[in-house]
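Asker: For the numbering used here, count along the first sequence from 1 and bump the result up by 4.
By construction, the Cβ of each residue, glycine as well, lies at the ideal position given by its N, Cα and C atoms.
A quick note: this is a predicted structure, and the numbers were derived from the prediction, not measured.
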Amino acid sequence: MSPERHIRVRIAPSPTGSLHIGTARTALFNWLYAQKHGGTMILRIEDTDRERSKPEFEQDIIESLKWLGITIDEGPIRQSDRTDLYRIRLEELLTSGHAYYCFCSKEELEGERASMMSQGMPPRYSGKCRALTQPEVREKLRTHAKSVIRFKMPETRISFTDIIRGKIEFDLGLIGDIAIAKNIEEPLYNFAVVIDDHDMRISHVIRGEDHLANTPKQIAIQRAFGFPDMHYAHLPLILDKDRSKMSKRNAATAIREYREAGYLPETIINFIAFLGWHPQDDKEIFSARELVAAFNLERVQKAGAVFNVEKLDWLSGQYIRSLAPEELAIRIQEHLKLDADMEKIIQALGLVQERMKRLNDFSDLAQFLFERETYHSEILVWKEGTPTETKDNLEAMIEVLETLAEKAFTRENIQAALETLTTERGRGNVLWPLRAALSGKEASPGPFEIAEILGKKESLERINIAIRKLE
RNA sequence: GCUCCCAUCGUCUAGUGGUCAGGACACAAGGUUUUCAUCCUUGAAAGAGGGGUUCGAUUCCCCUUGGGAGCACCA
């Protein structure tokens with residue numbers, strides 16, 4: 005890259021909830037961009053709202069990012085640790101005349117806004133307190149009148165170039181004098197962002213489209229300070245099925261929920277990368293490394309992307325199936341904390357891996373290999389069979405299987421031993437009851453492989469249990 | 001209400017001033033199969049509408065419509 009300064013990007017979540025899927029996607033795009041260009045990724049915790057910010061959410065955000073493999077080069081930097089810096093900057097704006105104290109009450113402002121909207125005008129602050137004289141302000145401050153600090157929004161049009169959307173233009177005159185601090189110690193979002201992005205020498209602001217309308221406000225404040233411009237890229241929103249901004253009303257929105265549901269981090273990365281971005285070709289499976297190589301902001305979509313859980317599940321199944329059983333067993337053990345040894349899990353995976361979509365599926369799918377299921381005798385009977393025939397068939401199988409030595413109890417041997425019975429009595433009449441007896445389930449892997457894992461003793465016992473159920 | 005953004009199969013999307021508008025998920029049918037899953041084959045499925053520009057627009061421009069986001073002493 006040319007004379008362009010070093011690339012510095014940031015992810016700036018507010019710790020008022022767990023790491024949201026949309027924030028994670030924004031983090032990923034920032035990270036991919038930084039990785040691709042040898043840039044620096046900064047984590048900034050935007051906790052200026054003291055009421056709603058919680059340390060446990062900050063913890064969740066950091067852990068979730070780490071789990072996803074989104075590495076942070078600088079931070080976390082907390083806005084709550086920077087109060088002095090904001091105060092100095094606020095004073096600077098106050099003395100330069102770019103900002104002023106406003107003593108209007110909330111009720112007053114709400115009334116103004118409602119009346120403006122009813123007249124078909126954009127709701128904005130009247131600017132009434134701009135007219136206050138210095139002595140008046142000092143007096144009100146001295147008597148502790150309730151106040152905020154407002155920025156004098158210039159009455160001009162402002163335009164900027166968005167990397168994804170091109171030229172975007174706003175009329176600042178329609179916005180009005182926005183509040184930039186609750187008081188000299190408590191800055192508000194649009195102000196703190198400007199100071200931070202400047203202090204942290206951010207080169208590219210890559211964030212959700214919901215911030216598009218904040219951009220002109222922030223640029224106006226930057227210009228009041230004489231800060232240099234930066235590059236912007238506004239990402240399309242992640243949408244619910246009903247095409248509104250993804251919210252927890254309709255779907256799981258926290259990364260931790262997906263983690264708990266047993267999705268692999270590489271699946272989530274691959275999936276959210278494709279929410280609003282797509283490579284040139286038709287390749288669908290991308291590792292983080294491959295994403296870094298293929299990624300560029302110009303190929304980011306402009307329109308919102310609906311979050312499609314079915315596709316996520318398909319992708320998840322692809323990833324699960326692609327893992328070596330030994331590796332998958334470790335992941336399962338870490339995630340589910342099972343009371344079974346590794347060998348057994350690996351063995352069970354031979355039967356259920358291709359049936360799993362999430363780590364959690366292992367429990368439901370493989371449980372029957374570790375302990376006997378309780379089931380109703382109805383499931384033992386093949387469609388055209390009767391309970392009596394079924395019982396008779398199972399008894400015949402026992403006789404055959406008894407002849408196999410314990411260490412010869414392999415799937416091939418079992419299959420060979422039952423061959424005659426199967427052809428004489430029909431595959432369905434033999435194999436269905438056997439499979440059902442061994443698994444205790446209507447749907448399961450095949451009988452020979454189950455029997456091999458169960459071993460001769462347990463297999464015969466389970467068949468005997470089935471026979472007794474049919475009496 | 002005001003401002004801004006957006007518009008290809010149901011969903012994620014590819015691509016092009018002349019294409020059979022391609023892929024993936026989901027769906028349907030078939031194959032493999034004792035069941036489920038996997039796997040394979042096939043199918044159905046799209047450029048919102050109206051104007052331009054052009055020999056020719058899905059592609060470029062405008063309007064309409066539709067959708068979304070923002071408009072806090074939240075971020």
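1. For my contact list, Ile383 and Ala440 are in at a C-beta cut-off of 8 Å; report their separation, rounded to the angstrom.
2. For Leu408, name the three-state secondary structure that DSSP assigns.
3. What did DSSP end up calling Ser6 once you bin it into helix, strand or coil?
4. Suppose only complete runs of 4+ residues qualify. What are the alpha helix (DSSP H) ranges in the region 389 to 448, listed by chain order?
5. Is it the case that the Cβ atoms of Pro19 and Ile46 are separated by a distance below 8 Å?
6. Here's the rule: buried if 16 or more other CB atoms are within 10 angstroms of the residue's CB, otherwise exposed. What is Arg293?
7. Can you tell me whether Val198 is buried or exposed, with buried defined as 16 or more other CB within 10 angstroms of its CB?
8. Using CA coordinates, which residue listed in Asp166, Gly432, Lys156 is at the minimum distance from Asp181?
9. Taking the CB atoms as reference points, tell me whether Ile172 and Ile223 lie closer together than 8 Å.
10. Do Pro126 and Phe174 have their beta-carbon atoms positioned less than 8 Å apart in this structure?
11. Am I right that Tyr37 and Leu319 are in contact with their C-beta atoms under 8 Å? What's the rounded C-beta distance?
12. Report the rounded CA-to-CA distance for Phe299 versus Thr87, giving the unit in angstroms.
13. Would you grab the beta carbon distance between Leu398 and Pro437 for me? Rounded to a whole angstrom, and I think it's under 8 Å.
14. Could you check which residue in Arg169, Ile167, Gly177 has the C-alpha nearest to that of Thr160?
15. In chain order, what residues of the same chain have a beta carbon less than 7 Å from the beta carbon of Gly21, not counting five sequence neighbours either side?
16. Alpha carbon to alpha carbon, how far is Ser122 from Tyr129?
17. In the DSSP assignment, what are the bridge partners of Ser163?
18. Can you have a look at Pro7 and say buried or exposed, based on whether 16 or more other CB atoms are within 10 angstroms of its CB?
19. Which of helix, strand or coil does DSSP assign to Ile206?
20. By DSSP's criteria, Asn187 is part of a beta bridge. Which residues make up the other side?
21. Checking the sheet assignment: what are the DSSP bridge partners for Ala309?
22. For the alpha helix (DSSP H) that Tyr262 lies in, which residues bound it at each end?
23. Measure the beta-carbon distance from Arg82 to Asp51 and round it to whole angstroms, keeping in mind my assumption that it falls under 8 Å.
24. Do His238 and Asp166 come within 8 Å of each other at the CB atom, strictly closer than that value?
25. Exposed or buried, Met5, counting other C-beta atoms within 10 Å across all chains shown (16 or more means buried)?
26. Ends of the alpha helix (DSSP H) at Thr476?
27. Starting from the C-beta of Asp77, find all residues in its chain whose C-beta is less than 6 Å away, skip the five residues before and the five after it, and write them out in chain order.
28. Pull up the distance between the alpha-carbon of Lys40 and that of Ser119, whole angstroms please.
29. Taking the alpha-carbon positions, what's the Asp345 to Lys387 distance?
30. Hey, which unbroken runs of the beta strand (DSSP E) at 3 residues or more fall wholly within the region 76 to 134?
31. Sort out for me which residues DSSP pairs Trp281 with in a bridge.
32. So, at 8 Å on beta carbons, what are the nonlocal neighbours of Glu475 in its own chain, with the 5 sequence-adjacent residues on each side left out?
33. Starting from the C-beta of Ile467, find all residues in its chain whose C-beta is less than 8 Å away, skip the five residues before and the five after it, and write them out in chain order.
34. Under 8 Å, with one C-beta from each stretch per pair, do the region 268 to 276 and the region 193 to 212 reach the 3-pair mark?
35. Can you tell me where the beta strand (DSSP E) with Val13 in it begins and where it stops?
36. What are the residues that DSSP puts in a beta bridge with Ala237?
Answerer: The relevant details are as follows:
1. Confirmed, about 5 Å.
2. Under the three-state reduction of DSSP, Leu408 is assigned to coil, being neither helix nor strand.
3. Confidence in Ser6 is poor, its pLDDT being 42 and thus under 50, which makes the residue's placement unreliable; the coordinate value appears in the next sentence. Ser6 falls in the coil class under three-state DSSP.
4. You should have 391 to 406, 415 to 429, 431 to 443.
5. Not closer than 8 Å, so no.
6. Arg293 is exposed by the Cβ-count criterion.
7. Burial check for Val198: the Cβ neighbour count within 10 Å reaches 16 or more, so the residue is buried.
8. If we check each option's Cα against that of Asp181, Lys156 comes out closest.
9. No; because the gap between Cβ atoms is not below 8 Å, this pair is not in contact.
10. Cβ atoms of Phe174 and Pro126: not closer than 8 Å.
11. Between Leu319 and Tyr37 the Cβ distance is about 23 Å, and since that is not below 8 Å, they are no contact.
12. Whole-angstrom Cα-Cα distance: 37 Å.
13. Cβ-Cβ separation between Leu398 and Pro437: approximately 6 Å, consistent with a contact (criterion under 8 Å).
14. Checking every option, the nearest Cα to that of Thr160 belongs to Gly177.
15. The residues are Phe61.
16. When rounded, the distance between both Cα atoms is 15 Å.
17. In the DSSP assignment, Ser163 is bridged to Glu173.
18. In this predicted model, Pro7 has a pLDDT of only 41, less than 50, meaning its place in the structure is not dependable; the value taken from the coordinates is given anyway. With fewer than 16 Cβ atoms within 10 Å of its Cβ, Pro7 is classed as exposed.
19. Coil, per DSSP.
20. Asn187 is bridged by DSSP to Glu190.
21. Bridge partners of Ala309: Ile242.
22. Here the alpha helix (DSSP H) through Tyr262 covers 259 to 264.
23. With a Cβ gap of about 6 Å, Arg82 and Asp51 count as contacting.
24. In this structure, His238 lies closer than 8 Å to Asp166 by Cβ.
25. Because the pLDDT at Met5 is just 40, under 50, the model does not fix this residue reliably, and the value given afterwards should be weighed accordingly. So Met5 ends up on the exposed side.
26. Because the chain spans 5 through 475 in this model, residue 476 falls outside it and cannot be assessed.
27. Result list for Asp77: Thr44, Met45, in chain order.
28. For the pair Lys40 and Ser119, the Cα-to-Cα distance works out to about 50 Å.
29. Just so you know, the alpha carbons of Asp345 and Lys387 end up roughly 37 Å apart.
30. Those beta strand (DSSP E) runs which fall completely within the region 76 to 134 and span 3+ residues are 78 to 82, 103 to 106.
31. Answer by DSSP bridge pairing, in chain order: Val304.
32. Here the set comprises Lys395.
33. Around Ile467: Leu398, Met401, Ile402, Leu405, Leu438, Ala441, Leu442.
34. Cβ pair count under 8 Å is below three, so no.
35. Unbroken beta strand (DSSP E) run through Val13: 12 to 15.
36. Partner residues in the beta bridge of Ala237, as assigned by DSSP, are Ile210.
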